[in-house]
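Asker: Below: one structure in structure tokens.
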Amino acid sequence: MHPISPLLLNLNAWRCSTAIAVIMLGSLDSPLWWLAVIPWLFLNLPGLLLATIPGLLFLALPSGATQADWMSESLLVTLCVALPTAVSMVLSHCWQPLLRRTGIFDQFHYPEA
Numbered sequence: 781m782h783p784i785s786p787l788l789l790n791l792n793a794w795r796c797s798t799a800i801a802v803i804m805l806g807s808l809d810s811p812l813w814w815l816a817v818i819p820w821l822f823l824n825l826p827g828l829l830l831a832t833i834p835g836l837l838f839l840a841l842p843s844g845a846t847q848a849d850w851m852s853e854s855l856l857v858t859l860c861v862a863l864p865t866a867v868s869m870v871l872s873h874c875w876q877p878l879l880r881r882t883g884i885f886d887q888f889h890y891p892e893a
């Protein structure tokens with residue numbers, strides 16, 4: 781049996797691919813962009829909670845929810861997708877040494893398998 785490719789097991793690769801799919805389908809006004817958003821939401825939940833939701837509240841509340849002149853819709857879509865993806869990727873690199881040190885996932889590691 782062939783081993784599974786490390787790229788398929790890499791969450792950051794899936795985060796990037798789903799973010800690219802969301803941006804491409806959203807910019808093309810495709811009705812299928814929701815199909816790409818669902819896995820993107822699950823993969824980038826930490827980034828969404830830490831970056832986008834507070835950022836949108838910070839930008840929307842003081843101005844009365846009016847869009848600034850320099851903000852185009854494509855810029856907003858890119859920021860709302862790219863920023864949480866980047867934050868989630870950075871957080872995953874920060875969590876890996878911590879999880880290895882604590883040994884929290886050692887029960888799932890089977891060297892003889």
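Position in the sequence shown (first residue = 1) + 780 = the working numbering. Cβ coordinates follow ideal geometry from the N, Cα and C atoms, glycine included.
Label proline 811 either buried or exposed according to how many other C-beta atoms from any shown protein chain fall within 10 Å of its C-beta, with 16 as the threshold for buried.
Answerer: By the 10 Å Cβ count, proline 811 comes out exposed.
Asker: Which residue comes first and which comes last in the alpha helix (DSSP H) that contains alanine 831?
Answerer: Looking at the DSSP string, alanine 831 is not in any alpha helix (DSSP H), and its letter there is neither H nor E.
Asker: Taking alanine 816 as the reference, give the member of Ala866, Ser797, Glu853 with the closest Cα.
Answerer: The residue with the shortest Cα to Cα distance from alanine 816 is Ser797.
Asker: If you run the structure through DSSP and keep just helix, strand and coil, what is threonine 808?
Answerer: Threonine is not the amino acid found at residue 808; the sequence shown has leucine there. Three-state result, leucine 808: coil.
Asker: Rounded to whole angstroms, what's the CA-CA distance from aspartate 809 to serine 852? Just pull it up for me.
Answerer: Looking at the two C-alpha atoms, the distance is approximately 15 angstroms.
Asker: Going by beta carbon distance, what residues of the same chain come within less than 8 angstroms of serine 807, once the five residues before and after it are set aside?
Answerer: So the qualifying residues of the chain are Ser854, Val857.
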